[in-house]
Amino acid sequence: METASFALLNKVQEDLRVGPAHISLMAAILKLNEEQSKGYSVQVTGRILRGIAHIGGKAAYYRYLSDLQRFGYIKYVPFYNHKRVGRIEILVKA
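According to the working numbering, the sequence shown is numbered sequentially starting from 741.
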């Protein structure tokens, strides 16, 4: 799936609505996807994903996450219990 990840990242990069922080967040999602090897679904906390993507603030993280969802690249399924992790599904296949 590594080449598929690079192809998807290139696809995101070519989107004019996407900025550097979006690309960083998408790269972090794809990195975790490779590590977890669960198809096109990632289980993660915002803190971990923000750390990998180097996004400092929670508000900025959720804005970029919402943008990627609105642009049709991912689907974010939050889990509202802080002891459990949320899920991000990668919607666009390269």
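By construction, the Cβ of each residue, glycine as well, lies at the ideal position given by its N, Cα and C atoms. Just so it is clear, the structure is predicted and the values come from calculations on it, not from any experiment.
Simplified DSSP assignment, three categories, for residue i
i, result
"Ser781", "strand"
"Ile795", "coil"
"Gly786", "helix"
"Asn821", "coil"
"Met741", "Below a pLDDT of 50, predicted positions are generally treated as unreliable, and Met741, at 49, falls in that range; the measurement from the model is reported next regardless. In this structure, Met741 counts as coil in the three-state DSSP scheme."
"Val758", "coil"
Bridge partners - residue i, DSSP secondary structure assignment
i, result
"Ile830", "Ile814"
C-alpha gap between residue i and residue j, whole angstroms
i, j, result
"Leu772", "Arg757", "23 Å"
"Ser781", "Ala799", "23 Å"
"Leu765", "Tyr813", "12 Å"
Beta-carbon spacing of residue i, residue j below 8 Å
i, j, result
"Asp755", "Phe811", "yes"
Candidates the options: closest to residue i by CA position
i, options, result
"Gly784", "Ile830, Ile795, Leu831 and Arg824", "Residue identity check: residue 784 is Val in the sequence provided, not Gly. Comparing Cα-Cα distances from Val784 to each of Ile830, Ile795, Leu831 and Arg824, the minimum goes to Arg824."
Min CB distance residue i to chain B below 8 Å
i, result
"Asp755", "This model lacks chain B altogether; it includes just one protein chain."
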